[in-house]
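Report on one structure; see the data block that follows.
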Amino acid sequence: KQEVTQIPAALSVPEGENLVLNCSFTDSAIYNLQWFRQDPGKGLTSLLLIQSSQREQTSGRLNASLDKSSGRSTLYIAASQPGDSATYLCAVSVSGGGADGLTFGKGTHLIIQP
Amino acid sequence: DTGVSQDPRHKITKRGQNVTFRCDPISEHNRLYWYRQTLGQGPEFLTYFQNEAQLEKSRLLSDRFSAERPKGSFSTLEIQRTEQGDSAMYLCASSTTPAMTGYTFGSGTRLTVV
Chain G
203 KQEVTQIPAA LSVPEGENLV LNCSFTDSAI YNLQWFRQDP GKGLTSLLLI QSSQREQTSG
263 RLNASLDKSS GRSTLYIAAS QPGDSATYLC AVSVSGGGAD GLTFGKGTHL IIQP
Chain W
107 DTGVSQDPRH KITKRGQNVT FRCDPISEHN RLYWYRQTLG QGPEFLTYFQ NEAQLEKSRL
167 LSDRFSAERP KGSFSTLEIQ RTEQGDSAMY LCASSTTPAM TGYTFGSGTR LTVV
């Protein structure tokens, strides 16, 4: 059974710092990996999707990398801003859909101090 | 397309009452998923549909839960005889088959059972 772990569970940094969120998964036979953002009491917003054949994806100040062989992904946030404060969730898809669907980590709760 | 829509956003109900939630997926997506998320946890898979067929149900989905997707469009999730342990965020997501463009989530329905 796929298990996803996110480290750290919580992180608080001053505005302007670059930071890295970590995600590890136990089954390397993934279809794709998706990073989401969740604001308190809200749904999930997709940030980046990395296909199993890709090594990284970038969107603005966000960069996500994928190392399937080691079962790891990182989300890099450059020049953090208070508006980046949220919970960041990593999710892997094993079969591309279906019952396996997405397996989520518990998330990293990020606070950016003004 | 306005994305995945969920209704209502919030629901407070007394223990023992029945509740029904609705999800409208992205029209081009043939798969629809229901997830449940409790505080401090990642979303957990409940069930999914491919078109109108319900293909898989998690063991988390007790007999008090039922989901439908008539005509392969919107879906409803009903909880009968609600219990306090049902209090959670119920998230709906949709995708293509396979999920090449990832999963798109709605804003969720927050259920509070008092």
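Chains G and W supply the protein sequences, listed in that same order.
For what it's worth, this note's numbering labels the leading residue of the first sequence as 203, then goes sequentially.
For what it's worth, this note's numbering labels the leading residue of the second sequence as 107, then goes sequentially.
Think of the CB as a built atom: it goes at the ideal place given N, C-alpha and C, for glycine as much as any other residue.
I185 (chain W) versus L145 (chain W) - alpha carbon distance: Position 79 of the second sequence holds residue 185 (chain W). Position 39 of the second sequence holds residue 145 (chain W). If you draw a straight line from the Cα of I185 (chain W) to the Cα of L145 (chain W), it is about 19 angstroms long.
Opposing strand residues paired with I313 (chain G) [DSSP bridges]: Here the question's residue 313 (chain G) lines up with position 111 in the first sequence. G:S214.
Buried or exposed by the 16-neighbour rule on C-beta atoms within 10 Å, applied to I209 (chain G): Taking the first sequence and counting its residues from 1, one reaches residue 209 (chain G) at position 7. Here I209 (chain G) is exposed: its Cβ has fewer than 16 other Cβ atoms, across all protein chains shown, within 10 Å.
Test: S213 (chain W) CB closer than 7 angstroms to a CB of chain G: Position 107 of the second sequence, counted from the first residue, corresponds to residue 213 (chain W). S213 (chain W) counts as touching chain G.
Interface partners of Q236 (chain G) on chain W, CB under 7 angstroms: Locating residue 236 (chain G) in the first sequence gives position 34, where the first residue counts as 1. Near Q236 (chain G) (Cβ distances below 7 angstroms), the residues of chain W are G208 and Y209.
Partners in chain G for Q147 (chain W), counting only beta-carbon separations shorter than 9 angstroms: As a first step, residue 147 (chain W) must be located in the second sequence, where it is residue number 41. Those are F306, K308 and G309, listed as they occur along chain G.
Contacts of Y139 (chain W) in chain G (Cβ-Cβ under 7 angstroms): By one-based count along the second sequence, residue 139 (chain W) stands at place 33. Residues of chain G whose Cβ lies closer than 7 angstroms to the Cβ of Y139 (chain W) are, in chain order, G303.
Cβ-based neighbour list, T289 (chain G), same chain, cut-off 6 angstroms, excluding 5 preceding and 5 following: As a first step, residue 289 (chain G) must be located in the first sequence, where it is residue number 87. Around T289 (chain G): Q240, G309 and H311.
For I118 (chain W), the nearest candidate out of W:D169, W:S200, W:D192 and W:A205 (CA to CA): The residue you call residue 118 (chain W) lines up with position 12 of the second sequence. Selected option, being the one with the closest Cα: W:D192.
Nearest candidate by alpha-carbon position, reference N302 (chain W), set W:E189, W:S201, W:P204 and W:D130: In the structure as shown, chain W starts at 107 and stops at 220, and residue 302 (chain W) therefore has no counterpart that could be examined.
Ranges of the alpha helix (DSSP H) found wholly within the segment 251 to 295 of chain G, counting only runs of at least 4: Entirely contained in the segment 251 to 295 of chain G, not one alpha helix (DSSP H) run reaches 4 residues.
is_contact[F151 (chain W), chain G] using C-beta, thresh 7 angstroms: Taking the second sequence and counting its residues from 1, one reaches residue 151 (chain W) at position 45. Yes, F151 (chain W) lies at the interface with chain G (some Cβ there is under 7 angstroms from its Cβ).
Proximity test, Cβ basis, 7 angstroms: L248 (chain G) and chain W: On the first sequence, residue 248 (chain G) is found 46 positions in, with the first residue counted as 1. Note that residue 248 (chain G) is Ser in the sequence shown, not Leu. At a cut-off of 7 angstroms, the C-beta of S248 (chain G) has a neighbouring C-beta in chain W.
Coil, strand or helix - Q156 (chain W) by DSSP: As a working note, residue 156 (chain W) is residue 50 in the second sequence. Here Q156 (chain W) carries a strand assignment [DSSP, helix/strand/coil].
T153 (chain W) and L167 (chain W) closer than 7 angstroms at C-beta: For the purposes of this step, residue 153 (chain W) is taken as residue 47 along the second sequence, with counting starting at 1. For the purposes of this step, residue 167 (chain W) is taken as residue 61 along the second sequence, with counting starting at 1. Cβ distance < 7 angstroms, so T153 (chain W) and L167 (chain W) count as in contact.
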